[in-house]
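Quick mapping for you: the protein sequence lines, in order, are chains A and B.
Its first residue numbered 1, the first sequence is counted upward by one per residue in my numbering.
Its first residue numbered 109, the second sequence is counted upward by one per residue in my numbering.
We treat Cβ as the ideally placed atom computed from N, Cα and C, and that holds for glycine.
There are 2 protein chains.
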Amino acid sequence: MLPMSFESPDRDRIDLSLVLHALSDPQRRGIVAELARSEEPRPCGSFAPNITKSTRTHHFRVLREAGLVEQWKEGTSKMSRLRREDVDARFPGLLDSVLAAPIGAGRL
Amino acid sequence: MLPMSFESPDRDRIDLSLVLHALSDPQRRGIVAELARSEEPRPCGSFAPNITKSTRTHHFRVLREAGLVEQWKEGTSKMSRLRREDVDARFPGLLDSVLAAPIGAGRL
DNA sequence: CCCTTAGTACGACGGTCAACGTACCACAAA
DNA sequence: TTTGTGGTACGTTGACCGTCGTACTAAGGG
Chain A
1 MLPMSFESPD RDRIDLSLVL HALSDPQRRG IVAELARSEE PRPCGSFAPN
51 ITKSTRTHHF RVLREAGLVE QWKEGTSKMS RLRREDVDAR FPGLLDSVLA
101 APIGAGRL
Chain B
109 MLPMSFESPD RDRIDLSLVL HALSDPQRRG IVAELARSEE PRPCGSFAPN
159 ITKSTRTHHF RVLREAGLVE QWKEGTSKMS RLRREDVDAR FPGLLDSVLA
209 APIGAGRL
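Set out below in structure tokens:
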């Protein structure tokens, strides 16, 4: 009976500060990059294998609350999808420029 | 005989995490926006009048160390200039998309 | 029914952040 | 020389962050 929240702001309420803060972490940026590379939704657990489950949960919450990621339950896993259209509509070009950034430019 | 540092990373060492973190603060984003609006260099004191001098110094240091701003001394004031070409060269489109963001999309 | 798998909740720890006040410095103008 | 003016240094405060471990839940598969 726990919350297990999936709440993410809708398109016109996505906050730039939250987005930039979410993307300022290399780990999260890595997740977003992977999520963008394969448009197929994947379970959370298949990302960032170097960190703990709980840390991963934390990062996904930050991404979701910033409006970068959408999540839903599917069987036993929780799936994630990049909200590309919404972010692109709200901040055109932002995601592209961040994802196109040279590796090692803050990638831990 | 105090340091009074002006050090800013050179173009190819600008770190994306630092840039995004610097821009994730509304106050600093406001400074950058003003700096971008008037290409004329201005003394630090003429920005963000609502905050304290020391806080302003702090924000300018974050911006400078992220590589977003260049500073130099001119008489009694310290001038600031947006390093637009450098940032644009390193992360094309990033600054544009952030500056084009709707007001109120995280603006405090 | 147990057991595994996938993820969350909670608490903790060390680190950082933004903001402030006070004290200080450097320079210029009076 | 004295008095601004513009900015830094330092210390502090309360909040938050990234990370972890442990304990828990929810859903399937045997």
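By a beta-carbon distance limit of 8 Å, Glu74 (chain A) does not contact Ser8 (chain A). Their separation comes to about 17 Å. Using a Cβ distance threshold of 7 Å, Cys44 (chain A) and Ser5 (chain A) do not count as a contacting pair. Under DSSP, Leu82 (chain A) forms a beta bridge with A:Val69.
One alpha carbon belongs to Ala130 (chain B), the other to Arg84 (chain A), and they sit about 23 Å apart.
Against chain B, a Cβ distance below 7 Å from Asp96 (chain A) picks out Gly201. Closer than 7 Å to the CB of His129 (chain B) there is at least one CB belonging to chain A. Proximity of Leu99 (chain A) to chain B, defined by a Cβ-Cβ separation below 7 Å, is not satisfied. Around the beta carbon of Ile103 (chain A), a 10 Å sphere encloses fewer than 16 other beta carbons of the protein chains shown; the residue is thus reported as exposed.
With respect to the C-alpha of Arg169 (chain B), the residue from B:Lys186, B:Phe199 and B:Arg145 having the closest C-alpha is B:Lys186.
For Glu34 (chain A), the secondary structure class from DSSP, reduced to helix, strand or coil, is helix. Of the candidates B:Asp194, B:Thr160 and B:Glu142, the residue whose Cα lies closest to the Cα of Ala174 (chain B) is B:Asp194. Fewer than three pairs of CB atoms, one per stretch, sit closer than 8 Å, so the segment 145-160 of chain B makes no contact with the segment 51-60 of chain A.
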